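Engineer:
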Amino acid sequence: MLEKKAWREVKYREKFLNAFRGLYVFSKATRHLFIHIISALIVAVFGFYLKVSSLEWIALVFAIGFVFITEVINTAIEIDIDLTSPEYHPYARDTKDVAAAAVLLSVLVAMIVGFIVFLPKIFN
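Everything in the sequence shown is counted per our numbering, starting at 3 for the first residue and increasing by one.
1) Is the separation between the beta-carbon of residue 72 and that of residue 94 shorter than 7 Å?
2) Out of 19, 57, 109 and 53, state which residue places its alpha-carbon closest to the alpha-carbon of residue 126.
3) Mind checking which residues open and close the alpha helix (DSSP H) that includes residue 77?
4) Given a cut-off of 7 Å on the beta-carbon distance, is the pair residue 36 and residue 74 in contact?
5) Do you know how far the Cα of residue 78 is from the Cα of residue 16?
Below you can see the structure in the form of structure tokens.
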């Protein structure tokens with residue numbers, strides 16, 4: 003049987019491997035990852051085509067990262083709720099809905115950033 007270690011005893015290499023495993027779990031658990039990746043690629047193509055500035059690239063990268071990070075957190079919350087509350091419970095539903103709302107808000111913020119960056123370039 004494997005001996006379990008306290009979290010503080012886990013080596014840095016193992017922590018990084020666990021983080022990459024988390025990315026793998028995220029990629030398998032989320033249904034919207036493909037949509038987010040395609041959206042990010044479309045933004046990148048528009049960015050190169052419209053020749054956005056360095057500061058605009060920073061804003062776009064942060065907006066895209068914000069969406070991915072909130073999606074990762076949402077997925078972690080959903081996995082935890084599924085573990086701790088396998089049967090339906092209204093609080094579990096509320097928790098999942100609030101986590102999904104965070105993703106929705108991050109997408110709306112990213113869209114606003116995209117409009118601010120791209121609309122002046124499209125209409126000039």
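The beta carbon of each residue, even a glycine, is placed where N, CA and C say it ideally should be. From a predicted model like this one, the values you see are computed outputs, not experimental measurements.
Structural biologist: With the structure as the only source:
1) Position 70 of the sequence shown, counted from the first residue, corresponds to residue 72. Position 92 of the sequence shown, counted from the first residue, corresponds to residue 94. Against a cut-off of 7 Å, the Cβ pair of residue 94 and residue 72 comes out as no contact.
2) Taking the sequence shown and counting its residues from 1, the one referred to as residue 126 is at position 124. Out of 19, 57, 109 and 53, 53 has the C-alpha closest to the C-alpha of residue 126.
3) Taking the first residue of the sequence shown as position 1, residue 77 is located at position 75. Start and end: 56 to 86.
4) Taking the sequence shown and counting its residues from 1, one reaches residue 36 at position 34. Taking the sequence shown and counting its residues from 1, one reaches residue 74 at position 72. Not in contact: residue 36 and residue 74 (Cβ atoms no closer than 7 Å).
5) Counted from its first residue, the sequence shown places residue 16 at position 14. Counted from its first residue, the sequence shown places residue 78 at position 76. So the alpha carbons of these two residues sit roughly 19 Å apart.
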